[in-house]
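Number of protein chains: 2
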Amino acid sequence: MLKNDLIVRAAKGEKTERTPVWLMRQAGRILPEYRAVRNSLSGFKELVETPELAAEVTIQPVDILGVDAAIIFSDILVIPEAMGLTYEMVEKKGPHFPKTISSKSDLNSVHVADPSDLSYVYDAISITKKELDGRVPVIGFAGAPWTIFSYMLEGGGSKTFSKARGMLYTDPQMADQLLDMITESTISYLKHQIEAGANMVQLFDSWAGVLPPNHYSQFSLKYISKICDAIDEVPITVFAKGAWWALEEMGNLKCRTVGLDWNMDPSNARILLPNKTLQGNFDPCALYGSEESIKRDTAQMLEKFKGHPHIANLGHGVYPDTDPNKVKFFIDTVKELSVIDS
Amino acid sequence: MLKNDLIVRAAKGEKTERTPVWLMRQAGRILPEYRAVRNSLSGFKELVETPELAAEVTIQPVDILGVDAAIIFSDILVIPEAMGLTYEMVEKKGPHFPKTISSKSDLNSVHVADPSDLSYVYDAISITKKELDGRVPVIGFAGAPWTIFSYMLEGGGSKTFSKARGMLYTDPQMADQLLDMITESTISYLKHQIEAGANMVQLFDSWAGVLPPNHYSQFSLKYISKICDAIDEVPITVFAKGAWWALEEMGNLKCRTVGLDWNMDPSNARILLPNKTLQGNFDPCALYGSEESIKRDTAQMLEKFKGHPHIANLGHGVYPDTDPNKVKFFIDTVKELSVIDS
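Chains A and B are the protein sequences, given in the same order.
Per my numbering, the very first residue in the first sequence carries number 1; after that it's consecutive.
Per my numbering, the very first residue in the second sequence carries number 343; after that it's consecutive.
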């Protein structure tokens with residue numbers, strides 16, 4: 001039994017006594033306690049692949065920051081890896097895939113992931129659940145197929161995403177084939193996370209914003225929709241960063257919550273998505289401001305969502321150089337200002 | 343006298359016998375003729391700073407691709423350089439500023455640009471004008487203040503723009519001070535370009551899309567508006583990449599044309615901007631497709647703008663690995679399909 005189930009109830013569209021709050025990337029570099037664990041290891045992937053330690057850093061922000069949910073410490077790139085494309089995490093640069101997909105023959109080097117190859121993630125969830133003992137829910141996650149596809153073609157970040165986007169014009173059939181494989185892998189991965197104890201799951205479509213609207217429907221939302229249809233065990237959140245044009249269409253997804261980035265206007269989103277819980281959308285840069293300005297900006301954000309089911313969060317992952325005290329101040333402010341008088 | 347003034351007339355909102363067309367970054371790496379000139383030099387900046395050669399590569403796409411305008415070959419970063427921050431162009435990586443602005447004391451190391459320091463740009467325009475002999479108009483340009491500000495704080499591209507965006511929260515007064523200096527520098531720079539013969543000018547707000555809407559009004563549009571108010575000699579185009587939320591507000595700018603990126607829906611933009619010419623917005627990745635698909639996509643784009651003053655262009659600068667034959671095919675297709683029966 002969950003002692004604090006605010007987020008799960010908010011995700012179901014229920015009124016809650018106050019707005020629940022967590023932060024994307026809350027388990028990570030902003031916390032000295034995380035860096036201590038991380039620095040004792042050879043690299044980022046060792047942390048991802050060691051369940052006891054992944055569980056430890058997953059729980060840190062619950063203890064230190066007081067968030068209303070733990071999100072399992074992992075990476076969306078475990079899926080392409082389980083499909084046959086190994087990634088490296090290059091310090092201060094980000095992920096890099098030595099091998100990428102560029103032609104039809106490359107498809108032979110990847111396969112639908114065997115979910116048992118990712119047992120370290122499920123183990124981390126089980127340990128987290130046990131150690132949390134119901135204090136807060138655990139959120140599982142995966143990348144949305146379009147974002148994973150982009151990494152598999154680009155080999156990392158990109159200014160233009162011209163390889164990934166180009167294939168949608170040069171070989172849409174091959175794109176669909178790979179997106180199908182990613183989707184199938186993701187569904188079974190998420191189902192295993194839920195079986196291990198995830199109370200909710202979130203899909204991150206980090207590169208949604210680079211697609212033209214017609215391609216977004218055809219090559220991203222279509223696959224997100226398949227995943228949402230397949231997962232009915234727990235509430236799903238879809239966060240499509242930059243896909244402002246798709247909010248209305250996302251109303252048709254079988255997800256409970258839609259995440260908003262800091263460019264998106266909550267007033268508009270709640271009109272377009274009357275039946276979804278909304279998550280977000282504090283500007284991560286606002287956490288660089290003074291406590292006074294954080295308080296003012298938090299109040300403004302809460303006001304915009306007022307009366308609509310809302311899970312407070314940033315509009316992006318918290319930036320690594322953010323002062324954890326400011327993060328805690330933001331969380332405390334949400335808790336204080338969002339209390340509904342009964 | 344201009345022999346082909348289609349673009350100028352379209353920018354003024356006049357009906358034209360067909361849709362004019364040019365491409366952002368048309369003078370550049372897609373053309374082997376450009377690479378031949380570039381490879382004969384020590385670096386990118388030598389080309390920017392040598393008026394005869396800058397004029398030569400400016401005219402290449404008029405000869406080779408048949409575009410309806412020449413845009414002067416230069417870089418938006420000549421402004422921060424003239425203000426006191428030197429940039430380097432790192433091959434395959436992009437621009438880098440060894441020194442950046444991070445605190446108030448750094449403001450002492452920059453100054454409002456002396457427009458005469460950029461005489462190589464005006465000379466390149468004069469030579470281009472002379473050599474073109476009225477075949478097509480010449481477009482001058484500059485970066486929008488927010489984008490230049492971002493480069494001066496970040497020192498190059500960025501995943502998060504957290505330094506530039508952070509200052510808007512931590513020291514908005516200092517941000518305004520620097521933005522004012524950039525704006526003043528840009529106005530006199532553009533006036534000199536016009537004096538040298540530019541028939542139109544364009545402001546590139548390449549990093550518009552990273553700001554939340556309220557900051558975009560306060561720290562970007564405000565300064566773009568000052569520039570538009572100060573330049574009344576020739577039509578101005580404003581291209582704010584990613585600032586989909588600002589289209590309506592851009593209707594208040596004293597600019598003639600608004601550029602759309604490939605995410606923006608022309609049908610929506612023409613409702614929000616009934617009195618502006620619209621420029622764009624072909625997906626640069628669509629040029630990787632077959633001639634058949636380029637033709638279909640071009641027809642679709644033209645249809646969306648039909649009946650509204652329109653300058654055909656991409657929704658972003660052309661990507662360096664694009665086949666110039668495909669670019670020419672796109673240009674020819676616009677010319678062929680947009681003819682108005684009289």
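The C-beta atom is built at its ideal place from N, Cα and C for all residues, glycine as well.
Since this is a predicted model, take the numbers as computed values, not measurements.
Partners in chain B for residue i, counting only beta-carbon separations shorter than 8 Å
{"i": "arginine 165 of chain A", "result": "Asp625 and Cys627"}
{"i": "serine 293 of chain A", "result": "Tyr511"}
8 Å Cβ cutoff met for residue i and residue j
{"i": "arginine 135 of chain A", "j": "lysine 304 of chain A", "result": "no"}
{"i": "threonine 328 of chain A", "j": "glycine 66 of chain A", "result": "Looking at the sequence shown, residue 328 of chain A is not threonine but lysine. Result yes, Cβ atoms of lysine 328 of chain A and glycine 66 of chain A sit closer than 8 Å."}
{"i": "alanine 506 of chain B", "j": "glycine 551 of chain B", "result": "no"}
{"i": "tyrosine 376 of chain B", "j": "valine 399 of chain B", "result": "yes"}
{"i": "alanine 69 of chain A", "j": "isoleucine 59 of chain A", "result": "no"}
{"i": "valine 660 of chain B", "j": "arginine 351 of chain B", "result": "no"}
{"i": "leucine 107 of chain A", "j": "phenylalanine 149 of chain A", "result": "no"}
{"i": "threonine 640 of chain B", "j": "leucine 589 of chain B", "result": "no"}
{"i": "isoleucine 372 of chain B", "j": "valine 480 of chain B", "result": "no"}
{"i": "glycine 166 of chain A", "j": "tyrosine 630 of chain B", "result": "yes"}
{"i": "aspartate 571 of chain B", "j": "threonine 489 of chain B", "result": "no"}
{"i": "leucine 211 of chain A", "j": "glutamate 249 of chain A", "result": "no"}
{"i": "glycine 385 of chain B", "j": "methionine 343 of chain B", "result": "no"}
{"i": "proline 309 of chain A", "j": "threonine 277 of chain A", "result": "yes"}
{"i": "valine 379 of chain B", "j": "valine 420 of chain B", "result": "no"}
{"i": "tyrosine 169 of chain A", "j": "alanine 628 of chain B", "result": "yes"}
{"i": "proline 437 of chain B", "j": "threonine 428 of chain B", "result": "no"}
Contacts that residue i makes with chain A (C-beta to C-beta distance below 9 Å)
{"i": "lysine 501 of chain B", "result": "Gly94 and Gly157"}
Proximal residues to residue i (C-beta, below 7 Å), its chain only, five neighbours per side dropped
{"i": "proline 457 of chain B", "result": "Ser530, Tyr531 and His534"}
{"i": "valine 234 of chain A", "result": "Ile194, Ala198, Asn199, Met200 and Val201"}
{"i": "alanine 55 of chain A", "result": "Ala124, Ile127, Thr128 and Glu131"}
{"i": "aspartate 75 of chain A", "result": "Val48"}
{"i": "threonine 358 of chain B", "result": "Leu348, Arg351 and Ala352"}
{"i": "glutamate 291 of chain A", "result": "Phe329"}
{"i": "leucine 23 of chain A", "result": "Val67, Asn313, Leu314, Val318 and Val327"}
{"i": "aspartate 603 of chain B", "result": "Lys583, Gly584, Gly622, Asn623, Gly657 and His658"}
{"i": "phenylalanine 161 of chain A", "result": "Ser150, Glu154, Trp207 and Val210"}
{"i": "aspartate 283 of chain A", "result": "Trp262 and Gly315"}
{"i": "lysine 295 of chain A", "result": "Thr333"}
Proximal chain A residues relative to residue i, where beta-carbon distance stays under 7 Å
{"i": "proline 554 of chain B", "result": "Trp262, Asn263 and Asp283"}
Cross-chain neighbours of residue i in chain A, by beta carbon under 8 Å
{"i": "serine 504 of chain B", "result": "Pro284, Cys285, Tyr288, Tyr319 and Asp321"}
Cβ neighbours of residue i in the same chain (closer than 6 Å, five flanking residues each side left out)
{"i": "methionine 378 of chain A", "result": "What the structure shows of chain A is the stretch from 1 to 342, and residue 378 of chain A is not part of that stretch, so it cannot be assessed."}
{"i": "alanine 654 of chain B", "result": "Thr361, Val363 and Val676"}
{"i": "tryptophan 587 of chain B", "result": "Pro555"}
{"i": "tyrosine 565 of chain B", "result": "Pro487, Leu521 and Thr525"}
{"i": "valine 112 of chain A", "result": "Met181, Glu184 and Ser185"}
{"i": "glycine 143 of chain A", "result": "Ile76 and Phe204"}
Sequence-distant residues of the same chain with beta carbon closer than 8 Å to residue i, five excluded per side
{"i": "isoleucine 406 of chain B", "result": "Leu373, Glu375, Pro666 and Lys670"}
{"i": "aspartate 232 of chain A", "result": "Lys254"}
**OP:** Tell me, please, whether the segment 178-190 of chain A touches the segment 69-83 of chain A by the rule of three or more beta-carbon pairs shorter than 8 Å.
**Re:** yes
Original post:
the segment 582-605 of chain B: which residues have C-beta closer than 7 Å to a C-beta of chain A, in chain order?
Top reply: Trp586, Trp587, Trp604 and Asn605
Subject >> Three CB pairs or more closer than 8 Å across the segment 243-253 of chain A and the segment 535-545 of chain B >> reply: no
Original post:
Between the segment 132-146 of chain A and chain B, which residues of the former have CB atoms less than 9 Å from a CB of the latter, in chain order?
Top reply: none
**OP:** Mind the definition here: the segment 153-162 of chain A touches the segment 605-619 of chain B only if three or more C-beta pairs lie below 8 Å; say whether that holds.
**Re:** no
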